[in-house]
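Enquirer:
Residue numbers (the numbering used here), protein chains in the order written: chain A, 1 to 234; chain B, 235 to 555.
The structure is reproduced here in structure tokens:
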């Protein structure tokens, strides 16, 4: 029933990610979890083809390596873990960077829901890290790409914003996009459709939140008893 | 943006006319004696000087803006990265040890010196170094290149090397020929044109190298291109006019204020501002009521130091945090 959005074959990064195959259906919300240094960010970077020593990533059936920047920028949104911006660019301009416009009702909604209105004329380098996270997420959501790869999108956010952002990511997925998110904190894990568990640069487990949290792999990878966090799935 | 550019262009044109015509008294005296001499003074003395001031200033402005955008560092500039000092060392070695005399071959030596310094800086400080380490590494390279330049001049076969080079080392636009101006400005102009085509992608680099790479750009290739073209422009200009400080730092900082902080959009305004500032500074060296010409570097330092200190003080809190 779900259509294939991303098809990654043998993507790898030297010493950080073993050759990995991964399919992502359209309309899915996936969490990538794992201990520090297990390869969560590496998997996102390999999927975005930021580094590309090997393998191939197809998005909508097209090989990413062979698509021009305009095509990629319109379909693939990437949020890096670092939120620093050196320059005193007003938030309004930053949101528009890369050709975004505020035309559609959905886009007006993004600005409203993330409460970006009061920030629009402030220079982005003077915002708090949490505010800047909202601005950078807002920029990606405005562009409405088919694939969102977000490195720790919930960190630096107050609980209120964690819930709002998760709700918006869910709506984005329901609109047909594929959303992949790395998570450090497992509290929100129950809200995802699918969880990938990373261990030593490979995907050690792949399944629904409940299946993953109760599996022996989880105990081994995280070194905590499986039952201890299984109730997070509610 | 275009209104701003035309405003800057008008200011530039006005200053250029002033630089040709001032000081006015010698022209008037000459005109009374022999009108043909006026033409000689204008075409062979003041015009190359004006062209060099405009072109070198523009090169400093656009190179500073491109380096700052590339390193995500508002203090990266030709002087603070050590590339100007490296270019001077390259030109001194070319001139005194390789026996080169042609302006174009000296310009090439300057470019090689600047390029080697920038590559060393990247090797020492890393490609996305924090602001302080880039600044310190640049300062160290600048001092080393300066010391090596002194050593090269002391060991030079010509006993007058120090004396001959002093005015040039301090930065000077005086008594340069049109051929020398061409050797500096043609490579610098080509490098500046290439940089100007990268304005949009440098704007997007504000979001980080990874975001640029995810969109299918090659940040490494962009960085290498910016480093090479600033080295060519700065190297060629330094080989003819010596190292001129601060303009490459100040012009981009002011230019960004005029274009809502966008590092790429600031490239062309920074070039226009750099040209305006250097023409103005050169004019000030000639018009200062001291009875003699003061060195160009003194005037640019007087313009640039307050702004540099202001940026430093504003950043100090972030470094301590």
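The beta carbon of each residue, even a glycine, is placed where N, CA and C say it ideally should be.
If we define contact as Cβ-Cβ less than 8 Å, is residue 97/A a contact residue for chain B?
Expert: By this cut-off, residue 97/A is an interface position.
Enquirer: Can you give me the C-alpha to C-alpha distance between residue 253/B and residue 438/B, rounded to a whole angstrom?
Expert: Cα to Cα, residue 253/B sits roughly 38 Å from residue 438/B.
Enquirer: Taking only three categories from DSSP, how would you classify residue 254/B?
Expert: Three-state result, residue 254/B: helix.
Enquirer: Within a Cβ cutoff of 8 Å, which residues of the same chain sit near residue 554/B, ignoring the five residues on either side of it in sequence?
Expert: Caution applies to residue 554/B, whose pLDDT of 46 falls short of 50 and renders its modelled position unreliable; the model cannot decide the point.
Enquirer: DSSP state of residue 404/B, grouped into three classes?
Expert: DSSP places residue 404/B in coil when its eight states are reduced to three.
Enquirer: In the DSSP output, what is residue 54/A paired with across the bridge?
Expert: According to DSSP, which records beta bridges pairwise, residue 54/A is partnered with 12/A.
Enquirer: Below 8 Å, how does it come out for the region 179-190 of chain A and the region 23-41 of chain A: are there three or more Cβ pairs, yes or no?
Expert: Yes, the region 179-190 of chain A touches the region 23-41 of chain A.
Enquirer: Does the region 281-293 of chain B come into contact with the region 247-263 of chain B, if we say contact requires no fewer than three beta-carbon pairs (one atom in each stretch) closer than 8 Å?
Expert: With a cut-off of 8 Å, the region 247-263 of chain B and the region 281-293 of chain B count as touching, because enough Cβ pairs lie within range.
Enquirer: Taking the straight line between their C-alpha atoms, what separation do you get for residue 182/A and residue 40/A?
Expert: Roughly 6 Å separates the two Cα atoms.
Enquirer: Is the CB of residue 553/B under 8 Å away from at least one CB in chain A?
Expert: Low local confidence applies: a pLDDT of 47 at residue 553/B is under 50, so the model's placement there is unreliable, with the coordinate-based value given in what follows. Taking Cβ atoms only, chain A never reaches closer than 8 Å to residue 553/B, which makes this a no.
Enquirer: How far does the beta strand (DSSP E) with residue 478/B in it extend, from its first residue to its last?
Expert: Looking at the DSSP string, residue 478/B is not in any beta strand (DSSP E), and its letter there is neither H nor E.
Enquirer: On the CB-based measure, 16 or more other CB atoms within 10 Å of its CB, does residue 149/A come out buried or exposed?
Expert: Counting Cβ neighbours within 10 Å, residue 149/A comes out buried, since at least 16 surround it.
Enquirer: Taking only beta-carbon positions, decide if residue 423/B is within less than 8 Å of chain A.
Expert: So no, residue 423/B is outside the interface.
Enquirer: State the DSSP-derived secondary structure class of residue 20/A, mapped to helix, strand or coil.
Expert: Here residue 20/A sits in strand by DSSP.
Enquirer: Measure the Cβ-Cβ separation of residue 534/B and residue 246/B and say whether it is below 8 Å.
Expert: Taking 8 Å as the Cβ cut-off, residue 534/B and residue 246/B do not qualify as a contacting pair.
Enquirer: Please determine if the region 292-303 of chain B and the region 427-447 of chain B are in contact, where contact requires at least 3 C-beta pairs separated by less than 8 Å.
Expert: With the cut-off at 8 Å, the region 292-303 of chain B and the region 427-447 of chain B touch.
Enquirer: Going by the beta-carbon positions, is the gap between residue 508/B and residue 481/B smaller than 8 Å?
Expert: Contact flag set, yes.
Enquirer: Roughly how many angstroms separate the alpha carbons of residue 196/A and residue 451/B, rounded to a whole number?
Expert: Going from the Cα of residue 196/A to the Cα of residue 451/B covers about 28 Å.
Enquirer: Report buried or exposed for residue 236/B, applying the criterion of at least 16 other Cβ atoms within 10 angstroms of its Cβ.
Expert: The residue in question, residue 236/B, is exposed, as its Cβ has fewer than 16 Cβ neighbours within 10 Å.
Enquirer: Can you give me the C-alpha to C-alpha distance between residue 80/A and residue 446/B, rounded to a whole angstrom?
Expert: Answer to the nearest angstrom: the Cα atoms are 11 Å apart.
Enquirer: Three or more C-beta pairs under 8 Å: does that hold for the region 132-140 of chain A against the region 105-116 of chain A?
Expert: Touching, yes.
Enquirer: Per the DSSP calculation, residue 207/A is bridged to which residue(s)?
Expert: Answer by DSSP bridge pairing, in chain order: 195/A.
Enquirer: Would you please verify whether the beta carbon of residue 72/A is less than 8 Å from any beta carbon of chain B?
Expert: Cβ-Cβ to chain B under 8 Å: yes for residue 72/A.
Enquirer: Out of curiosity, what's the CA-to-CA distance linking residue 55/A and residue 17/A?
Expert: One C-alpha to the other measures close to 12 Å.
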